[in-house]
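Chemist: The structure that follows is given in the form of structure tokens.
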Amino acid sequence: MAGLNGPLRLQASSTTSSASFASRIVLLLTALPLALAAFAFMLQWRGEINDPSSAWPSDRQTFPGMDNSPIGSSGASTFSSVSRSSSSSSSSDCVEILSRSSSGSLPYYHGSSYDSDLNLRPRICITSSTSAGLEQILPWLYFHKVIGVSKFLLFVEGTAAKPDVSAVLESIPGVKVIYRTAKLEDKQAKSRIWNETWLSNFFYKPCNYELFVKQSLNMEMAIVMARDVGMDWIIHLDTDELLHPVGAQEYSLRQLLSDVPSNVDMVIFPNYESSIERDDIKDPFSEISMFKKNYDHLPKETYFGLYKEATRGNPNYFLTYGNGKSAARIQDHLRPNGAHRWHNYMKTPNEIKLEEAAVLHYTYSKFSDLTSRRNRCGCKPTKDDSKRCFMLEFDRTAFMIASTASKEEMLRWFHEHVVWDDKQLNLKLLRKGILTRIYAPMSIIRGLRDSGIFTATIASASSQSKQKLLSSMENLQNSSVAGQNPLKDDLLQQSTSQESSKATARKVLETGSNEDGAVPPLSPPGLGDLLMET
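Shown next, in the form of structure tokens:
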């Protein structure tokens, strides 16, 4: 019997051992994922790793300098949302875009009107010549209010000059709307600019050249207006451009300019160009985070080494201009030097170009930009006429495509030359530094929209009677120019007592003499420039 039971005991023991081993494997496979998940949770809780799913701004997320801004989130319970106005059934795309909400929002400080404290220095003015609608101007305007701009001088035409649009703009504190009336044109026709040579190469030419002259004349008037209300700095900016004031202790244009040495007359902001990743962008300020960096902010080896990949067959590194915009200290004898620079009648201005701060240019960010540029001018779709109307090569090509191609061909061309949908190339250029991700403006504007400030501004202006609005617009048109002081050559000298500089400058540049021509929109350096250097 013992001999017969022996093998049975061995078999039972073997079965028990196999079952025990299998249960241990199951236990290990169950415990390992739980342990890894717990470990990852602890790391994230301690702030040592970033969860991509939580990378988008939440209610508690702030950017440098937002602690003191109206929408900065400090965790206090005093922040609340402004109630949104109900939209009518006839709401336009403008209202739809301005009232669109997102899951990640920044709180809006209840009761704040985004008015700049008059005692805060420096006081900054932005002037712009625009024909855009509210869906573009309101986010642009309130974003710059958040980062410290005190005054806006808007020279309006087209859509921006329509009563329902201009009434909203007029209702915003710190905004002055100047209409292109016959009286304004007569005043500008007497400007000393017409008797000088620095802008003469742009006189009596159509489209972009005409706009360039108009912007310069508006800038000349804006200097006087800004001086009369006590501004310290003036910047000319288009409504498709946002200032990106990094490099200071706070995400603040006021902080950035307060750090500039008192002997500096102008600060150059190199421009970054938007790089869209799809063709259905509706609200560029809230949907675009990828930008191509400027030559001035890149090592020469990186810029030229990746030039062909960065241009993707386009004529230049940027689609449009690459010579940035500038801020000028308001002082005696200041004058514009084209839309991108300022100058002085009596001295060579001292300029600096900051290492990090930039202008974000949202150019060709929507497919409709192709047709809007085509419809802007009455130019013929010929090579000669496109060259006569547009200063930059890509604008000329885009105009020709929009004028002669079918919609399908236009979309195909738009994808090939404008849309950055090659993820592998994007990743490579992001790693090399040619492309960069910038989230601060997007987050601030989304937070402003979620606060209800855009729709509340429109609703507040629209609550007035139609007759009152029309009467107000008529009075404004009659007095917008008549109330201004005559243009003067000399501007009030500002105090030179400033704190010691903390600003870091890439280089200090000297501008040309008074006889030099105005600075037009210029393309960035190309491979030909590298060959000339070598």
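Residue numbers 843 to 1376, in our numbering, belong to the letters of the sequence shown in order.
C-beta atoms are modelled at their ideal positions from N, C-alpha and C, and glycine is treated no differently.
Could you tell me the boundaries of the beta strand (DSSP E) in which Cys1221 lies?
Modeler: Taken as a continuous stretch (DSSP letters only), Cys1221 belongs to no beta strand (DSSP E), as it is neither H nor E.
Chemist: Measure the C-alpha to C-alpha separation of Ala1009 and Gly975 and round it to an integer number of angstroms.
Modeler: Distance between the alpha carbons of Ala1009 and Gly975: 12 Å.
Chemist: What separation, rounded to the nearest whole angstrom, lies between the Cα atoms of Lys1294 and Asp1101?
Modeler: Rather than Lys, the amino acid found at residue 1294 in this sequence is Gly. The straight-line gap from Cα to Cα measures roughly 33 Å.
Chemist: So Tyr1145 is in the alpha helix (DSSP H); what residue range does that whole segment cover?
Modeler: Taken as a continuous stretch (DSSP letters only), the alpha helix (DSSP H) holding Tyr1145 covers 1142-1147.
Chemist: Roughly how many angstroms lie between the CA atoms of Gly1368 and Leu1095, to the nearest whole one?
Modeler: If I take the Cα positions, the gap works out to 31 Å.
Chemist: Considering only DSSP beta bridges, list what Asn1050 is partnered with.
Modeler: BP columns for Asn1050 are empty, so no partner.
Chemist: Using DSSP with H/G/I as helix, E/B as strand and the rest coil, what is Tyr1114?
Modeler: Strand at Tyr1114.
Chemist: Does the segment 1245-1265 come within contact of the segment 961-973, defined as at least 3 CB pairs closer than 8 Å?
Modeler: Because the criterion of three Cβ pairs below 8 Å is not met, the segment 1245-1265 and the segment 961-973 do not touch.
Chemist: Are the CB atoms of Pro1112 and Asp1138 within a distance shorter than 8 Å?
Modeler: The answer is yes: Cβ separation under 8 Å.
Chemist: Can you tell me whether Ala1200 is helix, strand or coil according to DSSP?
Modeler: The answer is strand: DSSP assigns Ala1200 an E or B state.
Chemist: Relative to the C-alpha of Phe985, which residue among Ser1128, Asn1037, Asn1043, Cys1221 is closest?
Modeler: Answer by Cα proximity: Ser1128.
Chemist: Out of curiosity, what's the CA-to-CA distance linking Ser1104 and Gln1097?
Modeler: Distance between the alpha carbons of Ser1104 and Gln1097 is about 14 Å.
Chemist: Flag this pair as yes or no: are the beta carbons of Pro1283 and His1086 separated by less than 8 Å?
Modeler: For Pro1283 and His1086, yes; Cβs fall inside 8 Å.
Chemist: Going by alpha carbons, who is nearest to Lys987 out of Thr1023, Leu1290, Pro1362?
Modeler: It is Leu1290.
Chemist: Reducing DSSP to helix, strand and coil, say where Phe1256 ends up.
Modeler: Phe1256: helix per DSSP, three-state reduction.
Chemist: Thinking just about the alpha-carbon of each residue, which of Lys1274, Thr1246, Ile979, Arg1034 is nearest to the one in Pro1141?
Modeler: When each option's Cα is compared against that of Pro1141, the closest is Lys1274.
Chemist: If you scan the segment 1063-1098 from start to end, which runs of the beta strand (DSSP E) of 3 or more residues do you find wholly inside it?
Modeler: If we require 3 residues or more, the beta strand (DSSP E) runs fully inside the segment 1063-1098 come out as 1075-1078, 1083-1086.
Chemist: Looking at Glu1115: is its Cβ nearer than 8 Å to the Cβ of His1203?
Modeler: Against a cut-off of 8 Å, the Cβ pair of His1203 and Glu1115 comes out as a contact.
Chemist: Would you decide whether Thr1246 is buried or exposed? Buried here means 16 or more other CB atoms lie within 10 Å of its CB.
Modeler: Thr1246 comes out exposed.
Chemist: Using a Cβ-Cβ cutoff of less than 6 Å, which residues in the same chain neighbour Ala1360 once the five nearest sequence positions on both sides are dropped?
Modeler: Cβ neighbours of Ala1360 beyond the five flanking positions: Trp1040, Leu1041, Asn1179, Gly1180.
Chemist: Could you pull the start and end residues of the alpha helix (DSSP H) that Ser1008 belongs to?
Modeler: From DSSP, the alpha helix (DSSP H) with Ser1008 extends over 1005-1012.
Chemist: With respect to the beta strand (DSSP E) encompassing Pro788, which residues constitute its N-terminal and C-terminal limits?
Modeler: The question about residue 788 has no answer here: the residues shown for the chain are numbered 843 through 1376.
Chemist: Decide if the segment 988-997 is in contact with the segment 1014-1029; the criterion is three or more beta carbon pairs, one per stretch, under 8 Å apart.
Modeler: A contact exists between the segment 988-997 and the segment 1014-1029.
Chemist: Counting C-beta neighbours from all protein chains within 10 Å, is the total for Asn961 16 or more, i.e. buried, or is it exposed?
Modeler: Label assigned to Asn961: exposed.
Chemist: Nearest-angstrom Cα distance between Asp1107 and Pro1015?
Modeler: Cα to Cα, the separation comes out at about 28 Å.
Chemist: Can you grab the Cα-Cα spacing for the pair Phe1236 / Ala1152, in whole Å?
Modeler: Approximately 15 Å, taken between the alpha carbons.
Chemist: Pull up the CB-CB distance for Tyr1093 and Ile989, whole angstroms please, since I reckon it's below 8 Å.
Modeler: So it is a contact: roughly 7 Å between Cβ atoms.
Chemist: With a threshold of 16 other CB atoms inside 10 Å of the CB of Leu1217, please say whether the residue is buried or exposed.
Modeler: In the sequence as displayed, the identity of residue 1217 is Asn instead of Leu. Burial call: exposed.
Chemist: Return the CA-CA distance between Tyr1145 and Leu1267, expressed in angstroms with no decimal places.
Modeler: Approximately 15 Å, taken between the alpha carbons.
Chemist: What does the alpha-carbon distance come out to for the pair Thr1213 and His1257?
Modeler: Cα to Cα, Thr1213 sits roughly 15 Å from His1257.
Chemist: Would you identify the three-state DSSP class for Ser925, choosing helix, strand or coil?
Modeler: Its pLDDT being 35, under 50, Ser925 is placed unreliably in this model, and the value from its coordinates should be taken loosely. In this structure, Ser925 counts as coil in the three-state DSSP scheme.
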